[in-house]
Structure formats: structure tokens, C-alpha cells
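**Student:**
In the working numbering, the protein residues as written are 8 to 603.
(1) Using DSSP with H/G/I as helix, E/B as strand and the rest coil, what is residue 186?
(2) Let me check one thing: in DSSP terms, what residues is residue 78 bridge-paired to?
(3) Mind checking whether residue 441 and residue 84 have CB atoms under 7 Å apart?
(4) Relative to the C-alpha of residue 448, which candidate in 250, 459, 531 has its C-alpha closest?
(5) Assign residue 313 to one of two classes, buried (16 or more other C-beta atoms within 10 Å of its C-beta) or exposed (fewer than that).
(6) For residue 361, which three-state DSSP category applies?
(7) In three-state terms, what does DSSP make of residue 324?
(8) How would you label residue 342, buried or exposed, when you count the other beta carbons within 10 angstroms and need 16 or more for buried?
(9) Suppose only complete runs of 3+ residues qualify. What are the beta strand (DSSP E) ranges in the stretch 205-257, listed by chain order?
(10) Cα-Cα, which of 57, 190, 250, 177 is closest to residue 216?
(11) Within this structure, are the beta carbons of residue 146 and residue 194 separated by less than 7 Å?
(12) From the DSSP output, in three-state form, read off residue 155 for me.
(13) May I ask you to report which of helix, strand or coil DSSP gives residue 603?
(14) Please name the residue in 521, 513, 525 whose C-alpha comes closest to that of residue 543.
(15) Nearest to residue 38 by CA position, among 281, 187, 202, is which residue?
(16) Looking at the structure shown, is residue 378 part of a helix, part of a strand, or coil, going by DSSP?
(17) Return helix, strand or coil for residue 575, following the three-state DSSP convention.
(18) Measuring alpha carbon to alpha carbon, tell me which of 387, 366, 273, 325 ends up nearest residue 355.
(19) State the CB to CB distance for the pair residue 232 and residue 250, rounded to an integer number of angstroms; the pair is presumed to be in contact (CB under 8 Å).
(20) Is the Cβ-Cβ distance between residue 607 and residue 41 less than 7 Å?
(21) Evaluate the contact criterion for the stretch 301-310 versus the stretch 228-242: three or more CB pairs, one atom per stretch, below 8 Å.
(22) Please report the distance separating the alpha-carbon of residue 171 from that of residue 202.
(23) Whole angstroms are fine: how far does the CA of residue 206 sit from the CA of residue 51?
(24) Under DSSP, the beta strand (DSSP E) around residue 33 begins and ends at which residues?
(25) Can you give the Cα-Cα distance for residue 518 and residue 539, rounded to whole angstroms?
(26) I'd like the span of the beta strand (DSSP E) that includes residue 397, first residue to last.
(27) How about residue 495 and residue 455: are their beta carbons less than 7 Å apart?
(28) Do you know how far the Cα of residue 79 is from the Cα of residue 257?
(29) Residue 589 by DSSP, collapsed to three states: which one?
(30) With DSSP as the reference, label residue 202 as helix, strand or coil.
(31) Thinking just about the alpha-carbon of each residue, which of 221, 428, 124, 47 is nearest to the one in residue 398?
(32) The alpha helix (DSSP H) spanning residue 628 covers which residue range?
(33) Would you decide whether residue 382 is buried or exposed? Buried here means 16 or more other CB atoms lie within 10 Å of its CB.
(34) Could you check the C-alpha separation between residue 76 and residue 329 for me, to the nearest Å?
(35) For residue 263, does the three-state DSSP call read helix, strand or coil?
(36) Can you name, in chain order, every residue of its own chain whose Cβ lies under 6 Å from the Cβ of residue 32, other than the five neighbours on each side?
Structure below.
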């Protein structure tokens, strides 16, 4: 993809430092007006952001949903005012008034970025480390889609994923899980820019973070460019160009920065991290960086130089021309690509799903619901090429592999199964990235007791309303001899307490298949499928029962006349309750059973 500079005479263009200072001014002024926020990171990374967004990032502010746009992730999400400043300055529909209302209730300019494609926010960030993990998922999505749809001379999937991250992200364990996988999968279009400022909330990180980060990432198999001056635009541009030239490995660019750069009395200190600079320091900063404008005032020449709509439209038009030629030569592939990126199910999905569930009901098979889950996958997967799954090193136990599964490898990305390794948190966060990118419906398995490891990524999926399907097996003491470390007790209640998380605990193969169908058809949030290790009995089925299951709770068996007792159960306890109800009904009691 050819990136061109804006059609503005270079001699008339404001100095790069002044373009970056627009980010600094908007950020410090918005934080000051809100009386809370994080000015240090935007001031420290402004030069890096200016170079990336103006010279390299392929995006179209006039069409934020352009399919082949580069993805940008702000993993150090506390620096959200930088992202809002970038969106506003480059031409996304984010008004200046919204920046002035930073961190106010009901505003799109929240304290930490919340996913909103209309203004260029690809993912919700704030819990440190998850942004880089989401970015790994996005880069993996690009690689798998490219392997599936690109043809010689017709590369319609061809974009990069850029991520900003800081010391906090590096300290979080999920960054290890995700970045290790990124190196293994050789995600050459993933470029991470590390804000190496040596400061966190508690002060100088020398007391608690002394890792050799470049060596760490080289050990993962990354291409590492270290000791880049994060305040030198030419050095930054050279590093990003070198990262783009490296196509076989992800790249980490270690940018040495000063937190709060430009604030003469506070830069380089933890005091700039999470508190307003104060009126006196803001005035001193304005004088120090040569920014003579009032709060929230952006001069016309700087605003024009930042506007990315003309450049973005040209980039999208270039891609659209290639895609039109691709459609002419490969009409079926083009239609399938567009369907998947729209998030639509195949036109015959409903009929195919009905047939699969009816077939499973007809088999009337007693089995563990983890095995029933695999049976449902066998039926549904051939009709859903967007289904991509895996397991955190428990494939044989989770039953997440089906006959149509093909393992994704570094040298062959045209697959649909991911061996995540023992990385539950990383797996869940990568799944979210796959879903956010588009073109995929991801699922991933582990034991229910290990949902604790992944919990915050589950919560983020629920917050973002991403279609991530979590397969949790071995759901009770029925898992057997592994003992209390593996026996979930509080986990089911914990998942059910999570807003927007659909939790399915099916009692047999039919309920399991309906749960899978519901999770696949739901486009506004995640689902947890909670499944047994031990066998459970098949419950008599009918068309009415299948329809009722989808509601989440229904009368499985009823009493003769008005019930005097209603027994409610889910999962493996349903069989026990049915047995108890039959015994009680045989003794003349009137008992109803509800499967919930």
C-alpha cells in the first residue's frame, strides 16, 4: 500500500514539533478542566503519535470501518486524551466540545478509551497489558484472513496493527502470554511502540522493574529496535519504516521518552502520571514548548496539517480499486470476505442449524456435555468458516477440536485452530482481539476453575460486547480425582454475576447444541458454555422443547395438575432432579422440574 503525504506544500507545513504540541496542549488542558486524568503519557508520547498517524497509519477518518485499515491500539489506556486528541485532529467525528468534557458522564471521551469505531477506538483499554494482547489477536486475524483470501497479485488483506504500551503493560503477565505467542506465530505486521520512560505511579521503576526488555522480546522471536529517541521525529520514522520492512517477525520499538515532556518543573516525575499539572505548570509548559494559544484553541494551519481525511480517502480508494478487480476475478471469495467482515451469518444458517439440532436430538445419546459440545461443533463448523477456536493446552479434555479443525502454524496460517498453550488470560484476550478485528467468531477452552486466570478478559468482552465464546469444561466436583484445586465452587456464580455475560450450563446434548447456536447467533456479547466431564442422561426432546431451551429456562417435566413443588436445576444436576421428581410423583406428590 502506497502512503503519500498530505497535499500540502512542505514549506507551508508547521514544524512537526508543533503538530505534536497540539496533542500535548489538548491533553493537559482537558485533564486540567476535568480535574483528573493522566497527562504524563500524552505529553511523553506525542512525538511518536504524530509520526505514526501522519506518516504511516493507513486509516480513513471519514470511514472508520474501512475493512483494510491499519488497527491502532492504545494499550496504556490511561493516556486516553492522546487518543481523543488524535481522533479529533485527524478528522474523526469527535467534536472539540467532547474533548472539553473529558471524563464526564455520558461523554464518549471517557477516562479510559471505550471501543467506538466511529471515532477510531478499536478496543476498550485501561486494565494494563490487555491492549497488547488484543493487538496480537488482531494481527493474528489479519494473517489468517490473508492466508485464506489473498491470491497472487491480489492481496486484499494487507494491513498492520500498531500498539502503544508502557511499563505497566510490560509488567503485567498477560503481556508475556500474548507476546510469546506473537513471536511463535511470526506476526510480521504487528508493531509495538514501547513508552520506555522508567516511571510508574509509585515512582522510578528501578526499584521494581529491572527487566532487560529488549532481550526478553528477542527471546520471544521478535525483531527489536532499541534505544530510539522518542522525541526525535526522524529517529521514530526510521524505526517504524524498519519495522514495516521486517515481514517475518513482530517488531518492538523501544522509545526512550520523558514522561510529561515539556512540563519544565514536573517532566520525568511520577507527579505527571495521574494528576492534572495545575494552572501554573500548564502556563510554564506553554511557554516552554512555544505554544502561545489559549486552552482548546488549535490554529488553522496546524488543524489543516493534521486533517487526515483526504489522505485516508485516497488510501481507501487505492484499496477499493484492488478489491473491485479481485471481485471480478474471484466473485465467490469476495462475497464471502464481505459477508464475514459484516459479521453476518451464512444465508442458509438457520436451516442448517435446525437440521444439526434435530439430528442430535434424534441420536438421543447419553454423554458428557463436553463431548456433546464437540458433537455440536462437528455439526455447525462446516457451515461457519468464520469459526476459529482453540484451547489453553487442554484440547483433548475440552473437546474443542473437530474433524474440520486445522492447526494454525507460523508457516501456514490458513487454519482455524489455535494451540494457545497454558495461557488462559492470553487466550481470552487474544479471542477478544480476533472478534474485534472482524471476520471471525472465536471460541476457546479451558477448565472452569481456570476461568479465574482469564477473568478480566472475560469482563472486557462483556463490556465491549464482543462475540467471544468461552468453553469451560470440568464444571463441578464431578470432574473426579484431581481434587479441590480443580473443582470449581464459586466460579459459576461469579460468571453469572458478570453483566452482559450469557452463561449456559446445559444438561444434555440437545441443550448443549442450542447453547452453541445461541452463542453463535448472538452478536452483542460473549457467552460461557459450562460443561461436564462426567456423563449425563439425554432428556426426551420435542420441537417445543428445543424452542424453549433457547429462552434459558423452561419446564422440562410437569406434574399432573397444579404442582405442589417445583425443582429447579441446571447442568448435571438436572438428571438428579428428574430422578427425584419421578420418585416423588410415584409417591403421589405433584412435582414440576425446570431446567434453568
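Ideal Cβ positions, reconstructed from N, Cα and C, are used throughout, including at glycine.
**Tutor:** Well, looking at it:
(1) helix
(2) 168
(3) no
(4) 531
(5) buried
(6) helix
(7) helix
(8) exposed
(9) 230-236
(10) 177
(11) yes
(12) helix
(13) coil
(14) 513
(15) 281
(16) helix
(17) strand
(18) 387
(19) 7 Å
(20) Here the chain covers residues 8 to 603 and nothing more, so residue 607 does not appear.
(21) no
(22) 7 Å
(23) 11 Å
(24) Run containing residue 33: none in the beta strand (DSSP E); it sits in the alpha helix (DSSP H), 23-41.
(25) 13 Å
(26) 394-398
(27) yes
(28) 15 Å
(29) helix
(30) strand
(31) 428
(32) An answer regarding residue 628 cannot be provided, because it is not within the stretch 8 to 603 covered by the chain.
(33) buried
(34) 14 Å
(35) strand
(36) 298
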